[in-house]
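For the sequence shown, the numbering used here assigns the number 812 to the last residue and increments by one with no breaks. Virtual Cβ for every residue (Gly too), placed ideally from N, Cα, C. In what follows, a structure is listed as structure tokens, so that the remarks can point back to it.
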Amino acid sequence: MYHVVIPLEYTYVINLISNNYFHTRNQWFKYNSGPSVIDIIDNVQPIHREADKLNESIEGSVNVAEGSSSQEYVVTISSTNQSFVNNARTKILQKYNRVGYKQVELEASAFRKLNHDFFFYLNDLASRYGVDIIISDENTDFQTKVNRSNHPYVYVLGFEDNITVAESQLRILLDTMMDGYHLDYVNIDLSVVPLIGGIDLYNFNQIAMQSKANIYISDLLPSLFSTKVLDTTCQLKISITARNVHEIVLSKHILTRLLEQLKTNGKWDLYVKSVTLPKATIDALVLHNQPELLNIMFKYGVYVQVPSLAEPGEYDIKIQGQTAEMVNDAVEDLALLSSRYYTLTLRPAGLSSDIVTKLSKLVSNKRSCVVTASSHCIELTGLAEDIKAAVSDFNTDYVYWHSCFSGDFDIKLQIESNNSQKDFISGKKNGKLIKILNQLHSIPQIQFKPFNQNNFYIDISITSGNPTTLPQLLQAIHLVECELPAEDQFNIPEVFHKSIIGNSGSIIQSIMKKYNVFIKFSHKNSLNDSRVFYTYKRSNNVLIRCPRKNSRNIMLARYEIDQLVQSCLKNQAMIPGLAHYRTTGFKLLKGHYMLMINAKNKNLNFVSELEIKHGVYIDFPKSVEAFQNSNELTVSIRGSDHRSQQCAEQLRLQMPINYEIKVTFSPGKFDHMITEANVEFCERVLVPLKVKHEVELTINETPIGTYDTGFHQVILSSYSDASIKTGVQHLTSFLREKEFMIADRSPWNYEQIVDTEAKHLRPINNVVRPVAKFEKNAPNYNFTNDQPGMIKYRNRYANILIP
């Protein structure tokens, strides 16, 4: 006989709402709970229906039963035909999904606009994506709690893949029908979305901040549960909604440019790598590790393509990114993720007739633990904690299981680990393994076996002939796990590495010895990095690693290193004779920053190049938010000797051409008309110059770079003389049309390099003023759903609103 036992999470929603303004009934069914009949959507009904179909065959049986808790159920499949078992397992898992809901709050103004047209589109939306939609003023979790609310809500309920896609479409519908926003799209393959989004999808954040538009991107893992809610992942759409047309035009322009940067001669210039894993591991990742898979995408700005649950013939996970380094780092993280799963193999002399019932009870409270069994072999695959719990259960009820297995049985636990960790785990000349075996009197066997190009197996095996052997197996597992590596990675500016390491490594070696950790600093002597730097992010270049048994020391070692970095920033030398760091300030205009990230063939890669070339640290802004409410920002450049000054000179060469138009002082009129808040000015001047001519405008009601404050100032910046000329003509025409007086037009020179450490004599001032403490509150960048400038990224775990 062949058997498979699969525990699955039970998810459901119950309709607790008594007062609704709109509702659909696509998925609800009536359930007799005893005292009453309730409306419910759950994920076990499709499993029951598929089990009933399979049970029509005489080749085998499929049973669906409640688990040890109300949050799970257990599927058991049995047959003398192994093909039936494999086929039934595939069909059951392909019917599995999770049920949930999304909640969208409605503003009072939108609620008053609800009408038959809107309800018609809601019905269409619910039908198209196989979900249910409810509008109600009750706030509920669809489990136990329901409360009256001051705000009405729109609820989307159903399978998670479906509600994720439907929610984005609902928000677009609310933007267009309720708020009167404009809508447009950018066609894109799903596999490219995280690449242009960058690390943590932060590029989308910055585009929304600049354009004041709402950007909706696709669910990055849309079909893990075989729902096929999307017909294809090619030629999907990034949806853009905005109050004004020019905001959409600007968003589309930036997104399109980012897409072009990923291509060479019109073709995608990307790196792709495949990782082969056991099918059971891939299915387990789909069932239990969706957040971690998304985090890998966000962490490295790569796309991870995972086969659907129980997809036939698929054993590869593909990773696509802009550079080989990013892809390899993501592959390593994926390998570490898969190594969380252990496999336990038992080879008994025989099996009792009721073994399936006993195995079902064994795994009913171990949700990740899947059992496959034949006449002479039982295999359990699951998360480490569940597999160890199963071994512990065998040990606790040793006599019981010994009788079930008709006597002695061989047992082997298999741990998957990354190839890069092999020497670390085994120790020099296998010293760590020998020490473990000596502690256990060499009773268990520990072997390393190759698996694939990324991982290897650690096999720990033993023959259980008496009650004392299983505790030794548990002790062996514990000792091996204690030697598995724990690590942390972070960035420290390379210019400070030498000071932190110390003469001949004295400082860093003392930290390693003090905390019993290994610390490695990495350097980039050259930069062969073609990544699209739309927002500046630094790569990790410091690694702290130690055995898992000492993992607490990593935090202590990192804290001590952080203190050394602060000492470098404050020029507090740790050891006499080490470098003295000098700071040079560089005044960066917001318009210059915008050109650096938005102009064609420009990106922020040059910042890293300057740091490597001059051996300095440039405290470059990570986003447009760094400018707060100002049009300029002083960037600190820190380096030894005169390197910071030399770097500042080179940085100045990266700056665009500037032209200044002085407008006669017109308080009230100027700040009302020559501003981003004026739609006409944006549509006719600001956005056309950005999009068509790559010209940025810096608008100063009070001029900068001069002591004369008797005029308003507009600075035009571009990398092209022709574009500057066109921009001056456009702006001059608009100013004259609006009856502004132009006082002067001329090229503008701006002293950007500042010696922040120089001591300047203050001018004598005979005007005596009272001295009082002055504090200015930082600007508040909290955004809510109704505000523009939002990116909405939807996944099945959270509604992420990124300002």
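Contact test: His-12 Cβ vs the ligand MG heavy atom, cutoff 8 Å: The ligand content of the structure shown is nil, which means the ligand MG is not present either.
Inter-stretch contact (C-beta, 8 Å, three-pair minimum) for the region 463-478 and the region 333-345: The region 463-478 is in contact with the region 333-345.
Start and end residues, beta strand (DSSP E) containing Tyr-21: Translated into positions along the sequence shown, residue 21 becomes position 12. Bounds of the beta strand (DSSP E) holding Tyr-21 are 21-23.
Reference Val-195; option with closest CA among Lys-246, Asn-223, Leu-204: As a first step, residue 195 is located in the sequence shown; it is residue number 186 there, counting from the start. Nearest to Val-195 by C-alpha distance, out of Lys-246, Asn-223, Leu-204, is Lys-246.
Residues bridged to Asn-667 [DSSP beta-bridge criterion]: The residue you call residue 667 lines up with position 658 of the sequence shown. In DSSP, Asn-667 forms a bridge with Ser-726.
For Val-71 and Leu-389, the rounded distance between their alpha carbons: Locating residue 389 in the sequence shown gives position 380, where the first residue counts as 1. Locating residue 71 in the sequence shown gives position 62, where the first residue counts as 1. Spanning the two alpha carbons is a distance of roughly 19 Å.
Reduced DSSP secondary structure (H/G/I, E/B, other) of Trp-277: For the purposes of this step, residue 277 is taken as the residue at position 268 of the sequence shown. If DSSP states are grouped into helix, strand and coil, Trp-277 belongs with the strands.
Chain-order list of residues whose beta-carbon lies under 8 Å from that of Asp-198 (same chain, five-residue window excluded): Stepping through the sequence shown from its first residue, residue 198 is reached at position 189. Within its own chain, the residues whose Cβ lies closer than 8 Å to the Cβ of Asp-198, once the five positions on either side in sequence are excluded, are Thr-242, Cys-243, Gln-244, Leu-245, listed in chain order.
Distance between beta carbons of Asp-141 and Gln-36, contact taken as under 8 Å: The count along the sequence shown starts at 1 and reaches residue 36 at position 27. The count along the sequence shown starts at 1 and reaches residue 141 at position 132. Taking 8 Å as the upper bound for CB-CB distance, Gln-36 and Asp-141 are in contact here, some 5 Å apart.
Beta-carbon proximity check, Asp-292 vs Leu-318, cutoff 9 Å: Residue numbering aside, residue 292 sits at position 283 when the sequence shown is read from its first letter. Residue numbering aside, residue 318 sits at position 309 when the sequence shown is read from its first letter. Yes, these two residues count as a Cβ contact at 9 Å.
Sequence-distant residues of the same chain with beta carbon closer than 7 Å to Asn-525, five excluded per side: Against the sequence shown, residue 525 aligns to sequence position 516. Within the same chain, Cys-555, Asn-559, Asn-562 come within 7 Å of Asn-525 by CB-CB distance, once the 5 residues on both sides are set aside.
Identity of the residues DSSP links to Glu-425 by a beta bridge: Along the sequence shown, one-based indexing puts residue 425 at 416. In DSSP, Glu-425 forms a bridge with Tyr-466.
Segments assigned alpha helix (DSSP H), at least 4 residues, entirely inside the region 323-389: 333-347, 364-372, all fully within the region 323-389.
Nonlocal neighbours in the same chain, by C-beta distance under 6 Å from Asn-550, ignoring five residues either side: Locating residue 550 in the sequence shown gives position 541, where the first residue counts as 1. Same-chain partners within the cutoff: Asn-500, Ser-531.
Which residues DSSP lists as bridging Val-46, in chain order: Residue 46 sits at position 37 when you count from the first residue of the sequence shown. Answer by DSSP bridge pairing, in chain order: Asn-41.
Residues near Gln-655 in its chain [Cβ-Cβ closer than 7 Å; skip 5 each side]: Within the sequence shown, residue 655 is the residue found at index 646, counting from 1. Cβ neighbours of Gln-655 within its own chain (closer than 7 Å, five residues either side excluded): His-623.
Contacting residues, own chain, Cβ-Cβ under 8 Å from Lys-785 (five flanking each side not counted): Here the question's residue 785 lines up with position 776 in the sequence shown. The predicted model places Lys-785 with a pLDDT of 34, which falls under 50 and marks its position as unreliable; any figure quoted below should be read in that light. There are no such residues.
Where Asn-274 falls, given that 16 or more other Cβ within 10 Å makes a residue buried: Along the sequence shown, one-based indexing puts residue 274 at 265. It is exposed - the Cβ of Asn-274 has fewer than 16 other Cβ atoms within 10 Å.
Val-644 vs Gln-215 beta-carbon contact at 9 Å: Against the sequence shown, residue 644 aligns to sequence position 635. Against the sequence shown, residue 215 aligns to sequence position 206. Contact flag unset, no.
6 Å Cβ shell around Asn-253 - same chain, five flanking residues per side excluded: Reading the sequence shown from its first residue, position 244 is the one you call residue 253. Val-688.
Assigned secondary structure, Gln-402 (DSSP; H/G/I helix, E/B strand, else coil): Position 393 of the sequence shown, counted from the start, is the residue given in the question as residue 402. The sequence shown places Asp at residue 402, rather than the Gln named in the question. Asp-402 falls in the helix class under three-state DSSP.
From Ala-333, Lys-437, Thr-477, Gln-423, residue whose alpha carbon lies closest to that of Ile-455: Position 446 of the sequence shown, counting from 1, holds the residue named residue 455. Of Ala-333, Lys-437, Thr-477, Gln-423, the smallest CA-CA separation from Ile-455 is found for Gln-423.
Own chain residues within Cβ distance below 8 Å of Met-521, not counting five before or after: Against the sequence shown, residue 521 aligns to sequence position 512. Closer than 8 Å at the Cβ level, and outside the excluded window around Met-521, lie Phe-527, Ile-528, Ala-566.
Residue closest to Thr-592, alpha-carbon to alpha-carbon, out of Val-574, Pro-630, Ser-649: Walking along the sequence shown from the start, residue 592 turns up at place 583. Nearest of Val-574, Pro-630, Ser-649 to Thr-592, Cα basis: Ser-649.
Proximity below 9 Å, CB of Met-108 to CB of Tyr-21: Here residue 108 corresponds to residue number 99 of the sequence shown, with the count starting at 1. Here residue 21 corresponds to residue number 12 of the sequence shown, with the count starting at 1. Here the sequence assigns Val to residue 108, which means Met is not the residue at that position. In contact: Val-108 and Tyr-21 (Cβ atoms closer than 9 Å).
Assigned secondary structure, Val-780 (DSSP; H/G/I helix, E/B strand, else coil): Here residue 780 is taken as the residue at index 771 of the sequence shown, counted from 1. Confidence at Val-780 is low in this model, with a pLDDT of 33, below 50, so its placement is unreliable and the value that follows should be read with caution. Secondary structure at Val-780: coil, using DSSP grouped into helix, strand and coil.
Enclosing beta strand (DSSP E) for Arg-554 [first to last residue]: Translated into the one-based positions of the sequence shown, residue 554 becomes position 545. Annotation for Arg-554: the continuous beta strand (DSSP E) segment containing it runs 551-556.
3 or more residues per run - each beta strand (DSSP E) lying fully within the region 577-651: Counting only runs of 3 or more, we get 590-598, 641-649.
Reference Pro-321, options Ser-742, Lys-397, Leu-102, Ala-135, closest by Cα: By one-based count along the sequence shown, residue 321 stands at place 312. Among Ser-742, Lys-397, Leu-102, Ala-135, the Cα nearest to that of Pro-321 is on Leu-102.
Unbroken beta strand (DSSP E) run spanning Pro-756, endpoints: Position 747 of the sequence shown holds residue 756. That run of the beta strand (DSSP E) goes 751-756.
Reference Leu-296; option with closest CA among Phe-307, Ser-283, Lys-367, Arg-376: Along the sequence shown, read from residue 1 onward, the residue named residue 296 stands at position 287. A check of alpha carbon separations from Leu-296 across Phe-307, Ser-283, Lys-367, Arg-376 identifies Arg-376 as the nearest.
Residue burial classification, Thr-173 (beta-carbon count within 10 angstroms, cutoff 16): Counted from its first residue, the sequence shown places residue 173 at position 164. Under this definition Thr-173 is a buried residue.
DSSP three-state assignment for Gln-219, whether helix, strand or coil: As a first step, residue 219 must be located in the sequence shown, where it is residue number 210. Gln-219 falls in the helix class under three-state DSSP.
Beta-carbon contacts of Leu-63 that lie in its chain and below 7 Å, excluding the five residues immediately before and after: Walking along the sequence shown from the start, residue 63 turns up at place 54. Answer for Leu-63: Val-71, Ala-97, Lys-100, listed in chain order.
Buried or exposed (CB count within 10 angstroms, at least 16 for buried), Gly-719: By 1-based counting over the sequence shown, the position of residue 719 is 710. Classification of Gly-719: exposed, given that the 10 Å Cβ count is below 16.
Option nearest Ala-399 by Cα separation, candidates Asp-209, Leu-371, Phe-151, Leu-239: One-based indexing of the sequence shown puts residue 399 at position 390. Closest option to Ala-399, Cα to Cα, is Leu-371.
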